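K.L.:
In the working numbering, the protein residues as written are 85 to 267.
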Amino acid sequence: MSGVVGDDGPVARVTLYRTASGGRLHLRGCSHLTWTAADKLVEATQTDRAEAELCTACDDEIHGRGRTLFVSLDSAFEALNLPVANRARMREIAALIDFDVVWAPASRSYVGVGFDDGRPAAAYFNRGFVDVYRGANDYERTEMSNFGGGGGAGARRAPEREAAMCPSCSMQLPAAGTCDYCD
């Protein structure tokens, strides 16, 4: 697909986003945006819609392909194996939101809640955070206490330890802690 050419009905009705650096267009809850800080997301313009490609997973989501509906938020949390430690807080957030549909996309990367009438999703429940719709182009992110995202894709590294130095010759000590030159 070369862009969101001739936005069809479902695509035209949804708000799409891209990262500040460009790239494909996504729904707010797309797993490709999980590690993108909320302030780095830009609403897609008409030019973006005409020129940029739509994420394949988002295209499926918009058109209802592969979407799984759930009878309750808890059944969705269980099916997607969202962290048990986060569920109580997620339920508290959900209690403040109006919705009548609970779903997960084919990618099973989040639980979405909202209405089945074309309005924006009321909230996206991800493994470590929840994005709640507050108004046009405005989602408020609540991070769970065990969320480690925000900086970029890939695994997070532990900070490097400062190397121990031999007090006699100033050479770096091996892991055993005994200088190979002095002892």
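The C-beta atom is built at its ideal place from N, Cα and C for all residues, glycine as well.
Model, not experiment: these values are computed from the prediction.
Considering aspartate 132, what are the terminal residues of the beta strand (DSSP E) in which it resides?
P.N.:
Where aspartate 132 is concerned, there is no enclosing beta strand (DSSP E), although the alpha helix (DSSP H) it sits in stretches over 130-135.
K.L.:
Using alpha carbons as the reference points, say which of Arg173, Lys124, Phe154, Thr103 lies closest to arginine 211.
P.N.:
Here the closest residue by C-alpha is Arg173.
K.L.:
Do aspartate 144 and alanine 190 come within 7 Å of each other at the CB atom, strictly closer than that value?
P.N.:
Yes, the pair counts as a contact, with Cβ atoms nearer than the cut-off.
K.L.:
Please go through the same chain and pick out, in chain order, the residues whose beta-carbon is closer than 7 Å to the beta-carbon of lysine 124, but skip the five residues on each side of it.
P.N.:
For lysine 124, where only same-chain residues beyond five positions count, the Cβ hits under 7 Å are Thr103, Ala104.
K.L.:
Express the C-alpha separation of alanine 206 and arginine 218 in angstroms, rounding to a whole number.
P.N.:
Distance between the alpha carbons of arginine 218 and alanine 206: 8 Å.
K.L.:
Go ahead and pull the three-state DSSP assignment for threonine 120.
P.N.:
Coil at threonine 120, not helix or strand.
K.L.:
So if DSSP puts glutamate 127 in a beta bridge, which residue, or which two residues, is it bridged to?
P.N.:
Partner(s): Tyr101.
K.L.:
Taking only three categories from DSSP, how would you classify alanine 237?
P.N.:
Unreliable positioning characterises alanine 237 in this predicted model, as indicated by a pLDDT of 44, which lies under 50. The coordinate reading is nonetheless provided below. Correct three-state label for alanine 237: coil.
K.L.:
Whose CA, out of Arg192, Glu176, Gly196, lies closest to the CA of aspartate 184?
P.N.:
The option with the nearest alpha carbon to aspartate 184 is Gly196.
K.L.:
For the beta strand (DSSP E) containing glycine 212, list its first residue and its last residue.
P.N.:
Run containing glycine 212: none; DSSP gives neither H nor E here.
K.L.:
Give me the DSSP bridge partner(s) of histidine 110.
P.N.:
Per DSSP, Tyr101.
K.L.:
Indicate whether phenylalanine 154 and valine 186 have their beta-carbon atoms separated by less than 7 Å.
P.N.:
A contact, by the Cβ cut-off of 7 Å.
K.L.:
Which value, in whole angstroms, describes the spacing of the CA atoms of glutamate 227 and serine 159?
P.N.:
If I take the Cα positions, the gap works out to 21 Å.
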